[in-house]
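Notes for the one structure printed next.
There are 2 protein chains.
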Amino acid sequence: MGVTKTNLFSETQNELALAAKAFDHPARVAIIHYLLKSNACINGDLVQELGLAQPTISQHLRELKAIGIIQGTIEGSRISYCINPVRWAEIRNQFNQLFDQYPAPLSGDCC
Amino acid sequence: MGVTKTNLFSETQNELALAAKAFDHPARVAIIHYLLKSNACINGDLVQELGLAQPTISQHLRELKAIGIIQGTIEGSRISYCINPVRWAEIRNQFNQLFDQYPAPLSGDCC
DNA sequence: ATTATTTATTGCAATATTACGATATGCAGA
DNA sequence: TCTGCATATCGTAATATTGCAATAAATAAT
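Chains as they are written, first to last, in my numbering: chain A, 1 to 111; chain B, 112 to 222.
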């Protein structure tokens with residue numbers, strides 16, 4: 001039904017799924033790439049950089065902000081976005097904890 | 112329009128977005144968790160483990176298989192699924208390459 | 001051969017996501 | 001104040017995703 005049965009899954013599972021949403025759309029990956037490259041913080045000349053309309057970018061930024069991976073500070077009439085270091089580390093750890101579970105210590109192969 | 116403008120983004124960005132889809136739904140995370148835990152390969156007693164209907168599980172398995180992060184081998188009337196080690200490492204690297212870009216070497220803080 | 005078991009596929013309903021035009025909001029400068 | 005910029009929000013259309021009942025397909029067991 002397009003509706004996720006959140007209650008069936010663990011906190012960890014739901015949280016990782018949420019975090020993964022920061023990367024599950026190329027536009028959001030592109031925004032993060034751009035933020036990483038332009039070390040300093042930037043605003044919506046992402047509209048120039050990516051070929052998407054301004055409301056679309058704004059929507060992706062809002063999602064990323066909701067996930068917490070970026071933060072924005074008002075700077076006059078502009079808004080400066082950048083990576084949120086704390087949340088970045090948190091998400092990185094969540095992924096690493098998953099990735100580190102395989103290969104398992106004495107993983108006899110399977111199929 | 113619910114349609115992603117793939118052509119606007121780089122190969123890297125599209126590939127990471129694809130890989131992230133393995134983790135962007137808690138059911139898929141749960142499946143992966145279960146595969147990691149039950150070191151050996153298993154089949155669809157995921158239906159028992161998670162509380163989802165059999166066709167729903169089957170669909171998630173198909174997506175994970177399409178991404179390549181799991182593989183299945185026919186074993187009589189059952190199908191044994193397990194992690195695909197090569198693809199796992201590949202995806203892990205894709206994420207690490209992103210994560211390693213921050214904090215940047217001399218990252219003067221921003222906002 | 002018939003029946004049970006396991007998994008995949010089909011068809012469909014409900015909801016979510018992506019994208020954008022139009023519009024609102026908020027600040028800066030003339 | 002008025003005008004122009006930057007960004008957010010609203011409304012809406014197109015498409016995607018999630019979930020399941022019903023059914024098919026393929027093997028196993030009787």
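For glycine and all other residues, C-beta sits at the position ideal for the given N, C-alpha and C.
Computed from a predicted model, the values in this text were never measured in an experiment.
Asked	Found
Using a Cβ-Cβ cutoff of 8 Å, what residues of the stretch 43-55 of chain A are near chain B? List them in chain order.	L50, G51 and L52
Does any residue of chain A have a CB that is nearer than 7 Å to the CB of B:L172?	no
Which value, in whole angstroms, describes the spacing of the CA atoms of B:E160 and B:R139?	13 Å
B:R203: which of B:G179, B:G183 and B:I190 sits nearest, CA to CA?	B:G179
I think A:A17 touches B:P137, with their Cβ atoms under 8 Å apart; what is that distance to the nearest whole Å?	4 Å
Would B:L157 pass as a contact of B:I143 if the rule is Cβ separation under 7 Å?	no
Less than 7 Å between the C-beta atoms of A:D24 and B:A177, yes or no?	no
If we call anything under 7 Å between Cβ atoms a contact, is A:I74 one with A:Y81?	no
Judging by CA-CA distance, which residue of A:S58, A:M1, A:E63 and A:N43 is the nearest neighbour of A:G76?	A:N43
Restricting to runs no shorter than 3 residues, where is the beta strand (DSSP E) found entirely within the stretch 146-194 of chain B?	181-186 and 189-194
Measuring only the C-alpha atoms, how far is A:R62 from B:E201?	30 Å
Using a threshold of 7 Å, state whether the C-beta atoms of A:I79 and A:L35 are closer than that.	no
Note down, in chain order, each residue of its chain lying with its Cβ closer than 6 Å to the Cβ of A:C94, except the 5 sequence neighbours on either side.	According to the sequence shown, residue 94 of chain A is Gln rather than Cys. So the list reads L16 and A19, once near-sequence residues are dropped.
Compute the Euclidean distance between the alpha carbons of B:Q212 and B:L163, then round it to the nearest angstrom.	38 Å
So what does DSSP say about B:F134, is it helix, strand or coil?	coil
Taking only beta carbons into account, state which residues of the stretch 16-37 of chain A come closer than 9 Å to chain B, listed in chain order.	L16, A17, L18, A19, A20, K21, A22, F23, D24, H25, P26, A27, R28, V29, A30, I32, H33, L35, L36 and K37
For B:Q124, does the count of other Cβ atoms within 10 angstroms reach 16, so buried, or fall short, so exposed?	buried
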